[in-house]
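Everything below concerns the one structure shown next.
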Amino acid sequence: MTRQDSIAVVTTDSPPVNALSVHVRNGLKSAIEDADRDDSVEAVVVICNGRTFFAGADITELGKPPLSPDLPEVLAAIEKSAKPVIAAIHGTALGGGLELALACHYRIAVPSARVGLPEVKLGLLPGASGTQRLPRLIDPGEALDLMISGDPVDAEKALRTGMIDTLAEGQSLEADAVAFAKRIVGDAKPLRRIRDMPAKTPDALTPAEFAEAYRERNARKLRNFRAPDEIIRCVEAAMTLPFDEGLAIERKLFRELLDDPQSAAMRYAFFAERKAAKVPGVEGKPDISRIRSIGIVGAGTMGTGIGMAFVNAGYPVTIVETQQAALDRGLANIRRTYERSAQRGSLTPEEAERRTALFFGRLELEALSDCDLIVEAAFEEMSVKTEVFFALDRIAKPSAILATNTSYLDIDRIAATTSRPQSVLGMHFFSPANIMRLVEIVRGEKTDLEIVGTAMALARAIGKVGVVVGVCHGFVGNRMLEKRQDEADRLILEGATPWAVDRVLYDFGLPMGPFAMADLAGLDLGWTREASTGETVRDRLCESERRGQKTGAGYYDYGENRKSDPSPLVEEIIRDVAKARGIARREISDEEILDRLLLPMINEGANILEEGKALRASDIDVIWINGYGWPAYRGGPMFHAEQVGLDKVVERLRALEAAHGGRFRPAALLQRLAAEGSSLTDDT
Ligand code: 3HC
Numbered sequence: 003m004t005r006q007d008s009i010a011v012v013t014t015d016s017p018p019v020n021a022l023s024v025h026v027r028n029g030l031k032s033a034i035e036d037a038d039r040d041d042s043v044e045a046v047v048v049i050c051n052g053r054t055f056f057a058g059a060d061i062t063e064l065g066k067p068p069l070s071p072d073l074p075e076v077l078a079a080i081e082k083s084a085k086p087v088i089a090a091i092h093g094t095a096l097g098g099g100l101e102l103a104l105a106c107h108y109r110i111a112v113p114s115a116r117v118g119l120p121e122v123k124l125g126l127l128p129g130a131s132g133t134q135r136l137p138r139l140i141d142p143g144e145a146l147d148l149m150i151s152g153d154p155v156d157a158e159k160a161l162r163t164g165m166i167d168t169l170a171e172g173q174s175l176e177a178d179a180v181a182f183a184k185r186i187v188g189d190a191k192p193l194r195r196i197r198d199m200p201a202k203t204p205d206a207l208t209p210a211e212f213a214e215a216y217r218e219r220n221a222r223k224l225r226n227f228r229a230p231d232e233i234i235r236c237v238e239a240a241m242t243l244p245f246d247e248g249l250a251i252e253r254k255l256f257r258e259l260l261d262d263p264q265s266a267a268m269r270y271a272f273f274a275e276r277k278a279a280k281v282p283g284v285e286g287k288p289d290i291s292r293i294r295s296i297g298i299v300g301a302g303t304m305g306t307g308i309g310m311a312f313v314n315a316g317y318p319v320t321i322v323e324t325q326q327a328a329l330d331r332g333l334a335n336i337r338r339t340y341e342r343s344a345q346r347g348s349l350t351p352e353e354a355e356r357r358t359a360l361f362f363g364r365l366e367l368e369a370l371s372d373c374d375l376i377v378e379a380a381f382e383e384m385s386v387k388t389e390v391f392f393a394l395d396r397i398a399k400p401s402a403i404l405a406t407n408t409s410y411l412d413i414d415r416i417a418a419t420t421s422r423p424q425s426v427l428g429m430h431f432f433s434p435a436n437i438m439r440l441v442e443i444v445r446g447e448k449t450d451l452e453i454v455g456t457a458m459a460l461a462r463a464i465g466k467v468g469v470v471v472g473v474c475h476g477f478v479g480n481r482m483l484e485k486r487q488d489e490a491d492r493l494i495l496e497g498a499t500p501w502a503v504d505r506v507l508y509d510f511g512l513p514m515g516p517f518a519m520a521d522l523a524g525l526d527l528g529w530t531r532e533a534s535t536g537e538t539v540r541d542r543l544c545e546s547e548r549r550g551q552k553t554g555a556g557y558y559d560y561g562e563n564r565k566s567d568p569s570p571l572v573e574e575i576i577r578d579v580a581k582a583r584g585i586a587r588r589e590i591s592d593e594e595i596l597d598r599l600l601l602p603m604i605n606e607g608a609n610i611l612e613e614g615k616a617l618r619a620s621d622i623d624v625i626w627i628n629g630y631g632w633p634a635y636r637g638g639p640m641f642h643a644e645q646v647g648l649d650k651v652v653e654r655l656r657a658l659e660a661a662h663g664g665r666f667r668p669a670a671l672l673q674r675l676a677a678e679g680s681s682l683t684d685d686t
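Each residue of the sequence shown is one higher than the last, beginning at 3 in the working numbering.
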């Protein structure tokens, strides 16, 4: 604690993010009590050193026996203080950090600050009075949006909604906060204790109706997921009960959520994502300042999506196509995407225009000679890729990184067509690449580690989650997906309907099942009439012009608004194909469907680990959460395997092997770990 005249400045310095660990809580509580006792102190400023205001409770302490003083106790001491306490916010005030700021009597923030309650992303609710204080301070709908999305808002929005009182526009936040504190003292402003304010209530609805309407509006997004429902209950309590009673409900539900497997899974996922960023052998932070311009080969869906991902982060992008018409189509798609963002209000029209203008369309690869990173997103065929890389090798500057966005092909073969395989790697984006967070960073046999580190850092710089994987067919994600798809195709021939298969996965928490996904992507991807044998369901569907949503029919029939209906015709086709192949049909339980879809994926994940194609089991989970919509509250397929129990996974695989053959044979790694009673994810 230091002094600026009559203002006490309580500074916390606990790198990296000033998490509210027990020693921070202790220090804060005693500093506030000291200031309260000291008659010469007229107001207190709470501020942090380093890159951010408190980023929340210390997540490593969650789930362990509580250490005193707990956060609510510290916050109560702050709010009770007889002198105005002012939170001075920079960086990100998140979770318990924002809750602490709300326990202060006033809040000042630098314009670049962001505030939020991301607990929901850990399967929790704001458990240090956030659910009770925020709806007393701002509109309850806005409060719920903040708590249920978990996404932070910028200082300008925080000011507009009333979460902060003023912006610090000067050079020094501390000086501005002290001046603000002096004004409060000088004007004899009252202590604004949020606990004493009445909760705001929605205009036309009772709190119960408001809560119900919110639940209904978000039902699809929030299905199966416990924390949002409890957050809504807490906010309803804030609107109907005295502060302390609401607080008791919040406390009880917070503790319940903390013990819930959903939160354990999401806390695991939080650390898994951070672990994935660490590449063994890459020390320190790679310098990405040398990467200034990006080249993209191919203006199709992937090329334009990848281009937008870079442009969104401020990089200029030169995009090359072979034909003017294809280039025009790609650039028009880009323009349309940005225009739609402007119409939706997520970008200003000027920003949409600025981003569109950061694209330079060209028809010759030579235009990429100055680019620092070139991402090839051309047609998925080895001869096309090798031709492009052969040419790029002659065109690109020596320091350029050459990346391919291939989903399946052998990167070592592609690299071998160049004189610089050490600079070649895979950057496998997921569609739509401007939205999906995952990038598999594929390290070839000869790729330089420094290049891998730079690609990982670049992925992070454009807001993506990079995960290092090795070269194999489909890398990690698609290699596992293929196992699931193969089993889904078998299941429908054996008697399950496509809609039953899709429903089981949807109920498990995935955004959609394999058949709905195939309809969305188009069944004729890679299909040609000439090569069609008519022996698979897909061949038959494509032959009868049922090529997915785009043709109004695929596995499903599509009506108004792309609403899907099961198709009796498809059932007939499936029965025909099964008969032609001599496959006996039977009733298949949901339990069997789920086992047969998930266990082969887990098994393949274990093979991938054993082969060293993924560095850690948790990396596989990060891939599935961020690239394939695996619900974070189930932690990822490998975490899920641990939850089920590796011994049970092996036992069920063995039973399936006995019934259906060798493709279910448990991976050696799984057998070994199950026999030892050890874990897939512990070592990570
Ligand atoms: N507790 C413990 N460690 C934390 C932490 C936290 N709340 N937040 C971040 N860290 C650690 C990370 O694990 C990482 O450690 P590492 O270097 O050993 O891998 C380090 O701090 C830096 O984190 P990032 O790599 O994520 O750094 P960024 O600069 O990219 O992001 C951040 C900073 C925006 C603060 C981001 O770390 C973040 O979102 N943190 C989580 C915030 C959060 O969820 N807070 C709510 C906690 S729950 C809570 O408050 C409950 C309360 O309601 C009772």
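Beta carbons are placed, not taken as given, at the ideal position from N, Cα and C, and that holds for glycine.
Would the beta-carbon of residue i be found less than 6 Å away from any heavy atom of ligand 1?
i: residue 624; result: no
i: residue 61; result: yes
i: residue 96; result: yes
i: residue 19; result: yes
i: residue 157; result: no
i: residue 5; result: no
i: residue 550; result: no
i: residue 573; result: no
i: residue 58; result: yes
i: residue 125; result: no
i: residue 459; result: no
i: residue 128; result: yes
i: residue 276; result: yes
i: residue 244; result: no
i: residue 285; result: no
i: residue 258; result: no
On a Cα-Cα basis, can you pick out the residue from the options that is closest to residue i?
i: residue 625; options: 537, 486 and 442; result: 442
i: residue 148; options: 178, 448, 100 and 211; result: 100
i: residue 29; options: 8, 80 and 471; result: 80
i: residue 227; options: 206, 196 and 259; result: 259
i: residue 273; options: 596, 618, 538 and 661; result: 618
i: residue 656; options: 306, 602 and 299; result: 602
i: residue 127; options: 534, 15, 261 and 13; result: 261
Pull up the distance between the alpha-carbon of residue i and that of residue j, whole angstroms please.
i: residue 191; j: residue 39; result: 20 Å
i: residue 175; j: residue 108; result: 14 Å
i: residue 359; j: residue 25; result: 50 Å
i: residue 90; j: residue 130; result: 19 Å
i: residue 462; j: residue 646; result: 32 Å
i: residue 671; j: residue 612; result: 6 Å
i: residue 70; j: residue 22; result: 12 Å
i: residue 88; j: residue 141; result: 22 Å
i: residue 172; j: residue 629; result: 42 Å
i: residue 68; j: residue 329; result: 59 Å
i: residue 636; j: residue 356; result: 40 Å
i: residue 343; j: residue 114; result: 23 Å
i: residue 686; j: residue 276; result: Any reading at residue 686 must be qualified, since the residue scores a pLDDT of 45, below 50, and its modelled position is unreliable; no value is offered.
i: residue 242; j: residue 136; result: 14 Å
i: residue 600; j: residue 632; result: 11 Å
i: residue 58; j: residue 41; result: 31 Å
i: residue 223; j: residue 6; result: 49 Å
i: residue 18; j: residue 516; result: 42 Å
Are the CB atoms of residue j and residue i within a distance shorter than 7 Å?
i: residue 412; j: residue 294; result: no
i: residue 409; j: residue 480; result: yes
i: residue 302; j: residue 321; result: no
i: residue 471; j: residue 616; result: yes
i: residue 622; j: residue 478; result: yes
i: residue 465; j: residue 458; result: no
i: residue 590; j: residue 446; result: no
i: residue 290; j: residue 460; result: yes
i: residue 9; j: residue 177; result: no
Check the Cβ-Cβ distances between residue i and every residue of chain D, and say whether any is below 7 Å.
i: residue 380; result: Considering every chain present, this structure includes no chain D. It has just one protein chain.
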